[in-house]
Amino acid sequence: MGERAVSIGRDPSGPRGAVVVGGPHGAAPCRIIVPVSAPGPQTLAEEVRALAGHPVDLIEWRVDALASMAPDEIARACAVVLGEARRPVLATVRTAGEGGAASLSDTGYARLVAWLARRADAVDAEVARGDGLEGGAAALIARIHEAGAVAVGSHHDFSGTAPEPRIIDVLRAEAEAGADIAKIAYAARGPLDLLQVMDAQMWARTGIGPPVIAISMGRAGAISRIAGAPLGSAATFATVGAPSAPGQFRAEQVREALDVMEA
Ligand SMILES: O=C1C[C@@](O)(C(=O)O)C[C@@H](O)[C@@H]1O
870 MGERAVSIGR DPSGPRGAVV VGGPHGAAPC RIIVPVSAPG PQTLAEEVRA
920 LAGHPVDLIE WRVDALASMA PDEIARACAV VLGEARRPVL ATVRTAGEGG
970 AASLSDTGYA RLVAWLARRA DAVDAEVARG DGLEGGAAAL IARIHEAGAV
1020 AVGSHHDFSG TAPEPRIIDV LRAEAEAGAD IAKIAYAARG PLDLLQVMDA
1070 QMWARTGIGP PVIAISMGRA GAISRIAGAP LGSAATFATV GAPSAPGQFR
1120 AEQVREALDV MEA
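Shown next, in the form of structure tokens:
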């Protein structure tokens, strides 16, 4: 287990191409994901274009950063991001309970996620949202798969870090719900929190199946963002423009660090 590789990109020969995440431990490189979080279509177009020339493997579009969540505005922004992107796009609707800006009912969230899954290359699925849905997180992820996108299971806690067994349980629950990639992010209140997250990642990389992204947010957790493949990290988030979470480094800094860690 833990050797699974996931190809992200619904049209590998198209302008956004495809990127493989995960694969054999040690050999599979950690991918760099850069968020774009402009408030509207015009500024998003500029933000996506500005990624050219930077070491970006995947683009994360933070849908919740839009100034208006009206369906027309989301559709316009989506067309711009997918049209301008030259890397596969992961669409993320981060809800207020998990550190984002989207205030949606569980069914409204599921509807938007399914809509995005018919367009984007991959979609983030907050597994906790599944609790309020018929069929739970597994049904949410099944809708993403039916729509032809890769599902990234996620869980975020900006208030602190859970004990390691709980972190492993969350990653396992994401995998059991059908996520192609399992991701967690916890705020580090100190170095011991970082170690809980890193230990959980190293256990999960062989124990649960899908590639794992485990992030310890904030200064004390910074090493988790550059640990790379040797410590079981399938991908990491880095910035070109504005950061989307505490402790993110610039994409160039991460590229250099990963080159050292993965040499
Ligand atoms: O899940 C994550 C990870 C993240 O929270 C981070 O800490 O880098 C940044 C978010 O944009 C992304 O959706």
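Under this note's numbering, the first residue of the sequence shown is numbered 870, with each subsequent residue one higher.
Note that CB positions come from ideal geometry on N, CA and C, so glycine has one too.
Predicted model, so just to flag it, every value in this text is computed and none were measured.
Close CB contacts of Ala-887 within its chain, under the 7 Å cut and outside five residues either way in sequence, are with Ser-876, Ile-877, Gly-878, Pro-881 and Pro-957 (chain order). By the Cβ neighbour-count rule, Leu-1127 is buried, with 16 or more other Cβ atoms within 10 Å of its own. Contact residues of ligand 1 (beta-carbon closer than 5 Å to any heavy atom; chain order) are Pro-904, Thr-961, Ala-1054, Ile-1084, Met-1086, Phe-1106, Ser-1113 and Ala-1114. In this structure Glu-953 is buried. Its beta-carbon is surrounded by 16 or more other beta-carbon atoms within 10 angstroms.
Ala-946 sits close to Leu-935, with the two beta carbons spaced by under 8 Å. Inclusion of Ala-1057 and Ser-1085 in the CB contact set at 8 Å is warranted, their separation being smaller than that value.
Beta-carbon to beta-carbon, Val-962 and Val-982 are separated by about 6 Å, close enough to satisfy the 8 Å threshold. Judged by beta-carbon spacing, Ala-971 lies beyond the 8 Å limit of Ala-979, meaning their Cβ atoms are not closer than that value. For secondary structure counted as the beta strand (DSSP E) over 3 or more consecutive residues, the region 908-933 holds these complete runs in sequence order: 927-931.
Collapsing the DSSP output to three states places Met-1086 in a strand.
Classified as buried, Thr-1030 has 16 or more neighbouring CB atoms from the shown chains inside 10 Å of its CB. Residue range 1019-1026 is occupied by the beta strand (DSSP E) that includes Gly-1022. In this structure, the straight-line span from the alpha carbon of Asp-1038 to that of Gln-1122 is close to 32 Å. Between Leu-913 and Val-905, the C-beta gap is smaller than 8 Å, which places the two residues in contact. Here Ser-1023 is buried: its Cβ has 16 or more other Cβ atoms, across all protein chains shown, within 10 Å. Here the alpha carbon of Ala-1089 sits roughly 19 Å from the alpha carbon of Lys-1052. The C-alpha of Ala-1020 is placed about 21 Å away from the C-alpha of Ala-1098. Distance from the Cα of Arg-1074 is smallest, within the candidate group Gly-1087, Leu-1061 and Ile-1036, for Ile-1036.
Residue environment analysis places Ser-974 among the exposed positions, since fewer than 16 neighbouring C-beta atoms fall within 10 angstroms of its C-beta. Under the DSSP definition of a beta bridge, Val-905 partners with Trp-930.
Taking 8 Å as the cut-off, the Cβ atoms of Ala-1008 and Ala-991 do not count as close. Comparing C-alpha distances from Arg-1012 to each of Ala-994, Arg-1119 and Gly-1001 shows the shortest one belongs to Ala-994. Fully contained in the region 932-994 are the following beta strand (DSSP E) runs of length 3 or more, in chain order: 958-961.
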